[in-house]
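Dropping the structure here:
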């Protein structure tokens, strides 16, 4: 187990969520769930982040923002799509301005189902993503990734 | 102090200060979590963070930040080496100020809005903290008639008896030096802040790790300066430093949303009332209480 697994810092971006999933993400930071136990910090800064947590479906207005934030996160990095909207566009998928799930713009490593997600599911999703992050770091250390 | 103990002190500082500094911040984070009825991260968490940052991709907003952050780390370490080898207090204070200039340059070099506003507010922080550090050196000179740490340490009467006001002012500035308050300057581990992470917003990976380690060094330097007030009574000194640090964490949790304007006003008032008045009294009546 390397330090990548022990110190995952999160960047949370609301693509166009109804705020339901966002409230649950903040709930995970409260004393009841306390994600800092796992060394997780909500950084709010792409330059410091390892895990990109995205809620909501992506639309024509913000797909550039999403791509830009993803590009600013230094390797190794993973993306977690939180909630059904981030996974597939959810009930908004047929709207004229919605591009669909965030996987249409950036590569996704873990999906957390739910509408809205439960904090327990969210934490489990992030922990799964940490496993992927660990593999990516091993690759990165060996010069495999960019 | 002879040459051997001076070199010994310097080497001990260079190797032990990051370990001790990291542990202090680990305990700090657990303590903060417990005060918020959370469990908190492992005590070794700051070391995991540094190791992770060291393995990240090297991405720069501006490549020159490598030089500036290295300069920050080296100058902070230099300042500590002077302090722990029994050197000149004035040199310690000026090296610290120069080190902060390098950090500010790193933030300005990124040429990003959050970094620049962060750097400007950090500059305000330096403006507030520097007078107290200078008055500290002046106060020690007036009481012990020496700027040299080795001679200050050899006194049997603790300087706190003559310099209680300067000590209180240094304690007030500690909150700034530990990067806890004000929250719109601080780059601490609080959740979302107005300026994201202030000066370190655009730094990532190894450059961020260097700034973090420099911060550990600086914490040890400031705590050592607090200890210096109790030269001649080392056990009391260590106890005072521990109590002050605990009070600092407690205050941080009680008043997590102090702004920079409030900080400038309150700290300058404290500096004038306690530190300047203290030194004026010594100047008029002499250093013996």
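Residue numbers (the working numbering), protein chains in the order written: chain A, 383 to 528; chain B, 962 to 1250.
We treat Cβ as the ideally placed atom computed from N, Cα and C, and that holds for glycine.
- For residue 1221 of chain B, same chain residues with a beta-carbon under 8 angstroms away, outside a window of 5 residues either side, are 1082, 1085, 1086, 1143, 1145 and 1146 in chain order.
- Residues of the stretch 440-474 of chain A with a C-beta less than 7 angstroms from any C-beta of chain B: 456 and 457, listed in chain order.
- By the 16-neighbour rule on beta-carbons within 10 angstroms, residue 1130 of chain B is buried.
- When DSSP reads this structure, residue 1177 of chain B sits in no beta bridge, so it has no partner.
- Under the three-state reduction of DSSP, residue 1190 of chain B is assigned to coil, being neither helix nor strand.
- Listed along chain B are 1003, 1006, 1009 and 1013, each with a C-beta nearer than 8 angstroms to that of residue 388 of chain A.
- The C-beta distance from residue 1191 of chain B to residue 1201 of chain B rounds to 6 angstroms, short enough to meet the 8 angstroms contact threshold.
- Chain-ordered listing is empty here: chain A has no CB closer than 7 angstroms to the CB of residue 1211 of chain B, the nearest sitting near 17 angstroms.
- When beta bridges are read from the DSSP output, residue 441 of chain A appears opposite A:480.
- In summary, residue 995 of chain B is exposed, with fewer than 16 beta-carbon neighbours lying within 10 Å of its beta-carbon over all protein chains present.
- Here the alpha carbons of residue 465 of chain A and residue 498 of chain A stand approximately 6 angstroms from one another.
- In the structure shown, residue 415 of chain A falls within a coil segment according to DSSP collapsed to helix, strand and coil.
- The distance from the Cβ of residue 514 of chain A to that of residue 491 of chain A is about 5 angstroms, consistent with a contact at the 8 angstroms cut-off.
- By the criterion of a C-beta distance shorter than 7 angstroms, residue 415 of chain A is surrounded in its chain by 409, 501 and 505, once the five residues flanking it on both sides are discounted.
- For residue 995 of chain B, no Cβ of chain A is located within less than 7 angstroms of the residue's own Cβ.
- In the structure shown, residue 1165 of chain B adopts coil according to DSSP, grouped into three states.
- In summary, residue 1053 of chain B is buried, with 16 or more beta-carbon neighbours lying within 10 Å of its beta-carbon over all protein chains present.
- With contacts defined as CB atoms closer than 7 angstroms, residue 1029 of chain B and residue 1067 of chain B qualify as a contacting pair.
- Note: residue 1109 of chain B is bridge-paired with B:1049 in the DSSP secondary-structure output.
- The Cβ atoms of residue 1044 of chain B and residue 1182 of chain B sit closer than 7 angstroms to each other.
- Taken in chain order, the unbroken stretches of alpha helix (DSSP H) that lie wholly in the stretch 1179-1248 of chain B and span 4 residues or more are 1195-1215, 1221-1231 and 1238-1246.
- For the stretch 1158-1169 of chain B, the beta-carbon criterion of a distance under 7 angstroms to any beta-carbon of chain A is satisfied by 1158, 1162, 1163, 1164, 1165, 1166 and 1169.
- The beta carbon of residue 1232 of chain B is closer than 6 angstroms to those of 1092, 1093 and 1130 in its chain, skipping five residues each way along the sequence.
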